[in-house]
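Just so you know, we're using our numbering here: the sequence shown kicks off at 856 and counts up by one.
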Amino acid sequence: MIDLVCLVADKNMEAVVDGVLARPEALGIRAITFRILRHPQHDSACFHDPTPLLRTTRGEASHAIVLLDRAWEGAPDKPTDQLEADLEHELHQLGAGWARGIIIDPELEVWLFRRSPRLDAALGWHGRQPPLAERLASDSRWPMDAAKPSDPKATIEWALEQVRKPRSSSIYRDIASKLGLKACTDPSFLRFQATLRAWFPRP
856 MIDLVCLVAD
866 KNMEAVVDGV
876 LARPEALGIR
886 AITFRILRHP
896 QHDSACFHDP
906 TPLLRTTRGE
916 ASHAIVLLDR
926 AWEGAPDKPT
936 DQLEADLEHE
946 LHQLGAGWAR
956 GIIIDPELEV
966 WLFRRSPRLD
976 AALGWHGRQP
986 PLAERLASDS
996 RWPMDAAKPS
1006 DPKATIEWAL
1016 EQVRKPRSSS
1026 IYRDIASKLG
1036 LKACTDPSFL
1046 RFQATLRAWF
1056 PRP
């Protein structure tokens, strides 16, 4: 029996979750065993049809989390909290309290932004002037008074293009494994962390 199975929408999300779950002390939980599943039909299927894939793991995991983006083509026009409620209603058929659905608004990349030299290094900006945050502010991509860029995915892609660094899931894992988790104030990340702390508290 493993502690957690996490169903995610794509390879980059798999990399981030893997990097984060490998840091139990930073999350404020005990060390856990986990398995990450990637849905071949991505965000839409994670929302509309997560139970068939998760049902195969029902007897081998203590809990499950379904994680997907809010921004995907064809997403229902509802508030994020209502979409999460709809998703959890679907997951309830697998057992009360066994699974939790978390939707990242707008996309995964919102978890990755901090004004940190570690982010600069992961995105290939180490040693460049001005530092990444200052450059993004000067281009109005990430104003200094904003916690996150308005389009975090496009901002990461732009930053990588400037240094001619190919986008890859390994970059996402590198960021997730190094950035301070306490500084992440995104509501979906805080729900993710609170869920893990409730299920897997420190001794």
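Ideal Cβ positions, reconstructed from N, Cα and C, are used throughout, including at glycine.
Self-check item: Stretch pair the segment 871-887 + the segment 981-992: three plus CB contacts closer than 8 Å
Solution: The segment 871-887, when compared against the segment 981-992, does not touch it at the 8 Å Cβ threshold.
Quiz item: If you run the structure through DSSP and keep just helix, strand and coil, what is leucine 909?
Solution: helix
Practice problem: Count the CB pairs spanning the segment 963-976 and the segment 998-1008 that are closer than 8 Å, and state whether there are at least three. | Solution: By the Cβ rule, the segment 963-976 counts as touching the segment 998-1008, because three or more pairs are nearer than 8 Å.
Quiz item: Which of helix, strand or coil does DSSP assign to serine 917?
Solution: Note: serine 917 maps to strand in three-state DSSP.
Exercise. To the nearest angstrom, report how far apart tryptophan 927 and leucine 909 are at their CA atoms.
Key: 21 Å
Quiz item: What are the start and end residues of the alpha helix (DSSP H) that includes aspartate 873?
Solution: 866-876
Quiz item: Comparing alpha-carbon positions, which option in Leu922, Lys1037, Arg893 and Ile891 lies nearest glutamate 943?
Solution: Leu922
Quiz prompt | Under the three-state DSSP convention, the category alanine 1038 falls into | solution = In the three-state reduction of the DSSP assignment, alanine 1038 falls in the helix class.
Quiz item: DSSP beta-bridge partners for arginine 893?
Solution: Val863
Exercise. State buried or exposed for aspartate 924, treating a residue as buried only when at least 16 other CB atoms are found within 10 Å of its CB.
Key: With 16 or more other Cβ atoms within 10 Å, it is buried.
Quiz item: Taking alanine 870 as the reference, which of Pro1042, Ala1031 and Trp1054 has the closest Cα?
Solution: Ala1031
Quiz item: Which ranges would you report for the beta strand (DSSP E) in the segment 951-1033 if only whole runs of at least 3 residues count?
Solution: Fully enclosed beta strand (DSSP E) runs of 3 or longer: 954-959.
Exercise. Using three-state DSSP, classify aspartate 941 as helix, strand or coil.
Key: Correct three-state label for aspartate 941: helix.
Quiz item: Comparing alpha-carbon positions, which option in Asp1000, Trp953 and Asp960 lies nearest arginine 969?
Solution: Asp1000
Quiz prompt | Sequence-distant residues of the same chain with beta carbon closer than 7 Å to glutamate 945, five excluded per side | solution = Pro905 and Thr906
Quiz item: Which one of Ser1043, Asp975 and Pro961 has the shortest CA to CA distance from arginine 955?
Solution: Ser1043
Practice problem: Would you kindly work out how many angstroms separate the C-alpha atoms of glycine 979 and proline 998, rounded to a whole number? | Solution: 21 Å
Quiz item: Beta-carbon separation of serine 899 and alanine 940 under 9 Å?
Solution: no
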